[in-house]
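Taking it in order: structure first as structure tokens, then the write-up.
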Amino acid sequence: MHIALFEPEIAGNVGAVMRLGACMGADVHLIEPLGFEWDDRRVRRTAMDYIDHVSVTRYPGFDAFRKTIGHRRLLLFTTKGSGSAYDFTFAPDDVLLFGKESAGVPAEIAKACHARIRIPMRPGVRSMNLAMSAGLALGEALRQTATLPG
Numbered sequence: 001m002h003i004a005l006f007e008p009e010i011a012g013n014v015g016a017v018m019r020l021g022a023c024m025g026a027d028v029h030l031i032e033p034l035g036f037e038w039d040d041r042r043v044r045r046t047a048m049d050y051i052d053h054v055s056v057t058r059y060p061g062f063d064a065f066r067k068t069i070g071h072r073r074l075l076l077f078t079t080k081g082s083g084s085a086y087d088f089t090f091a092p093d094d095v096l097l098f099g100k101e102s103a104g105v106p107a108e109i110a111k112a113c114h115a116r117i118r119i120p121m122r123p124g125v126r127s128m129n130l131a132m133s134a135g136l137a138l139g140e141a142l143r144q145t146a147t148l149p150g
């Protein structure tokens, strides 16, 4: 399973997703530009020593990322998704894509995805934190595919 972050803006979120990837066995893909300096100590502070236990790949843009992931399904998690993550059927080599914190992904990138999925939330709230969303989505995808660690 893979987690991809499109132009993430907050170092702490990236660090938390890296830690999630390390704990759950998911590769992390970062699609640039990033909204912070990569050597930002906040990333390491959030990821802690888990940073040494996760595969992280950075890409100069979406096209380079898309070429690298090959045949894998690209699944966009968005508040504009038509179906719930809990009704969707995941596959073990899926790529779970999350947009930038302030704006999500542009329409052309959303169109390039195989599916647009939402995490159900109460009415009247806008969205969850990026790392929290990634954790919920990854947990459900791993559960469904019987690939939860341990």
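Position 42 of the sequence shown, counting from 1, maps to 42 under UniProt numbering, and the rest follow consecutively. For each residue, glycine too, the CB sits at the ideal point set by N, CA and C.
Asked: Where asparagine 129 falls, given that 16 or more other Cβ within 10 Å makes a residue buried; Found: exposed
Asked: Pairwise C-alpha distance: serine 102 and glycine 83; Found: 22 Å
Asked: Those runs of the beta strand (DSSP E) which lie wholly inside the UniProt domain "tRNA/rRNA methyltransferase SpoU type" (2 to 138) and span at least 3 residues; Found: 2 to 6, 27 to 31, 56 to 59, 74 to 77, 95 to 98 and 115 to 118
Asked: Check whether leucine 58 and alanine 85 have beta carbons under 8 Å apart; Found: The question names leucine, but residue 58 is arginine in the sequence shown. No; because the gap between Cβ atoms is not below 8 Å, this pair is not in contact.
Asked: Sub-8 Å separation of threonine 78 and glycine 61 beta-carbons; Found: no
Asked: The segment 122 to 136 in contact with the segment 16 to 31 per 3-pair CB rule at 8 Å; Found: yes
Asked: Cβ-heavy atom distance, phenylalanine 65 to the ligand ZN, below 7 Å; Found: Among the ligands in the structure shown, none appear at all, so the ligand ZN cannot be discussed.
Asked: Alpha carbon of methionine 24 to alpha carbon of phenylalanine 88, nearest angstrom; Found: 20 Å
Asked: Contact set for aspartate 93: own chain, Cβ-Cβ below 7 Å, skip 5 residues either direction; Found: Arg72
Asked: Status (buried if at least 16 other CB within 10 Å, exposed otherwise) for glutamate 7; Found: buried
Asked: Beta-carbon proximity check, alanine 110 vs phenylalanine 65, cutoff 8 Å; Found: no
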